[in-house]
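Only one structure is covered here, and it is reproduced in the block below.
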Amino acid sequence: MSDAAEITDVVGEAKSAMMGQVKSFAAGGVGGICAVLVGHPFDLIKVRLQTAEKGVYSGAFDALRKTVARDGVMGVYRGVTPPLLGVTPMFAISFWGYDLGKRLVSAVSPLGPSGELSIGQISAAGFFSAIPMTAVAAPFERIKVLLQIQGQSGESKYKGPLDVMIKLYREGGIRSLFRGSVATLARDGPGSAIYFATYEYLKEQLTPVGQSMSLGAISFAGGMSGVAMWVIVFPIDTIKSQLQSSSHQTNIVKISRSVYRSGGVKAFFPGLGPAIARSFPANAATFVGVELAHKFFDKLSL
Numbered sequence: 007m008s009d010a011a012e013i014t015d016v017v018g019e020a021k022s023a024m025m026g027q028v029k030s031f032a033a034g035g036v037g038g039i040c041a042v043l044v045g046h047p048f049d050l051i052k053v054r055l056q057t058a059e060k061g062v063y064s065g066a067f068d069a070l071r072k073t074v075a076r077d078g079v080m081g082v083y084r085g086v087t088p089p090l091l092g093v094t095p096m097f098a099i100s101f102w103g104y105d106l107g108k109r110l111v112s113a114v115s116p117l118g119p120s121g122e123l124s125i126g127q128i129s130a131a132g133f134f135s136a137i138p139m140t141a142v143a144a145p146f147e148r149i150k151v152l153l154q155i156q157g158q159s160g161e162s163k164y165k166g167p168l169d170v171m172i173k174l175y176r177e178g179g180i181r182s183l184f185r186g187s188v189a190t191l192a193r194d195g196p197g198s199a200i201y202f203a204t205y206e207y208l209k210e211q212l213t214p215v216g217q218s219m220s221l222g223a224i225s226f227a228g229g230m231s232g233v234a235m236w237v238i239v240f241p242i243d244t245i246k247s248q249l250q251s252s253s254h255q256t257n258i259v260k261i262s263r264s265v266y267r268s269g270g271v272k273a274f275f276p277g278l279g280p281a282i283a284r285s286f287p288a289n290a291a292t293f294v295g296v297e298l299a300h301k302f303f304d305k306l307s308l
């Protein structure tokens with residue numbers, strides 16, 4: 007093969023890899039929008055249960071009833087703007103990071119007989135995807151949590167996402183906006199590893215040889231990947247929510263001790279029901295959106 011032909015092949019491979027990452031980024035954004043629209047009401051109830059004083063709510067249905075009574079039906083979408091604006095790039099970065107992670111893992115470790123990645127390799131690529139995502143996720147999660155808990159005590163400190171951002175910056179600069187970044191990565195690193203590994207495993211098991219995966223199978227695999235992730239990382243998410251909603255300077259260790267003193271191990275799992283109830287439909291919608299977006303790109307021959 008001539009030098010010119012080799013250069014052409016290298017350029018072609020680079021273009022293909024770049025286009026693959028662009029498609030993963032765009033498909034992840036579509037999946038993120040689907041996830042927010044389906045899952046935000048459940049997420050709001052979860053956060054309120056995680057951050058409310060003991061005795062404010064007797065459970066998820068009580069939190070839902072009081073939220074609707076106070077804010078109306080659309081009250082369950084309080085704080086939806088930050089995740090809608092933030093989750094779209096977050097999921098886009100996550101799926102882009104996962105695609106990049108798979109390429110990196112493929113380059114540094116041996117593949118299976120058919121060129122497939124093992125569950126361990128998929129998990130490593132999933133963990134990698136959380137690293138760039140945290141840069142976007144941490145400040146948006148902080149803003150979202152503060153808006154979601156607003157109104158529990160009857161007062162409304164913030165007018166909206168931009169107002170939260172401005173006030174946080176005035177109170178503590180960039181550091182205040184990024185409070186909880188370490189906890190966010192501690193949650194999303196192992197969470198993303200479990201998330202993508204579960205989806206890829208179920209996808210393989212549910213797809214007949216030589217056939218495309220059905221929407222029902224995509225929904226089930228996506229939903230179960232979300233459930234698997236949340237069951238494992240929920241205690242870290244509770245710590246993160248309290249850390250990001252705190253009005254004073256604190257840290258992961260102090261929050262962990264405080265949570266444990268308030269009710270033992272069980273205190274790390276308030277709102278687990280709404281989180282699981284949200285997780286299945288939201289992540290089913292995510293992967294349906296991602297897979298349909300990829301099919302759309304394939305039809306356009308991108």
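Using this note's numbering, the first residue of the sequence shown is number 7, and each one after it goes up by one.
Glycine included, every Cβ here is placed at the ideal spot set by N, Cα and C.
Check: What do you get for L117, buried or exposed, if any count of 16 or more other CB atoms within 10 angstroms of its CB means buried?
Finding: In the sequence shown, the residue the question calls residue 117 occupies position 111. L117 should be labelled exposed.
Margin query: Going by DSSP in three states, G270 sits in which element: helix, strand or coil?
Written below: Here residue 270 refers to the residue found at position 264 of the sequence shown. It is helical.
Next item on the list: Select from Y104, P145, L152, S124 the residue whose C-alpha is nearest the C-alpha of A136.
Entry: As a position in the sequence shown, residue 136 is number 130, starting the count at 1. Of Y104, P145, L152, S124, the residue nearest in Cα terms is Y104.
Check: Going by the beta-carbon positions, is the gap between R71 and L50 smaller than 8 Å?
Finding: Taking the first residue of the sequence shown as position 1, residue 71 is located at position 65. Taking the first residue of the sequence shown as position 1, residue 50 is located at position 44. Taking 8 Å as the Cβ cut-off, R71 and L50 do not qualify as a contacting pair.
Checklist line | Alpha carbon of R181 to alpha carbon of S162, nearest angstrom | finding: As a first step, residue 181 must be located in the sequence shown, where it is residue number 175. As a first step, residue 162 must be located in the sequence shown, where it is residue number 156. If I take the Cα positions, the gap works out to 23 Å.
Next item on the list: Would you mind listing the alpha helix (DSSP H) stretches within the stretch 151-222 that are 4+ residues and don't spill past its ends, in chain order?
Entry: 167-183, 187-212
Next item on the list: Could you have a look at L309 and say whether DSSP puts it in helix, strand or coil?
Entry: Residue 309 is absent from the model: the chain starts at 7 and stops at 308.
Next item on the list: Return the Cβ separation of R54 and A69 in integer angstroms, given the expectation that the two are a contact with Cβ distance under 8 Å.
Entry: One-based indexing of the sequence shown puts residue 54 at position 48. One-based indexing of the sequence shown puts residue 69 at position 63. Sure, about 5 Å apart at Cβ, within 8 Å.
Next item on the list: Answer with buried or exposed for M24, where buried requires no fewer than 16 other C-beta atoms within 10 angstroms of its C-beta.
Entry: Against the sequence shown, residue 24 aligns to sequence position 18. Exposed, since its Cβ has fewer than 16 Cβ neighbours within 10 Å.
Next item on the list: Identify, in the order they occur along the chain, each residue of the same chain with its Cβ nearer than 8 Å to the Cβ of Y63, setting aside the five sequence neighbours on each side.
Entry: Counting from one through the sequence shown, the residue named residue 63 turns up at place 57. Same-chain partners within the cutoff: R54, L55, A69, K72.
Note to self: Distance check for L110 and A130, CA to CA, integer angstroms please.
What the structure shows: Position 124 of the sequence shown, counted from the first residue, corresponds to residue 130. Position 104 of the sequence shown, counted from the first residue, corresponds to residue 110. Distance between the alpha carbons of A130 and L110: 10 Å.
Check: Quick one: any contact between the stretch 201-213 and the stretch 140-152, if contact means 3 or more CB pairs under 8 Å?
Finding: no
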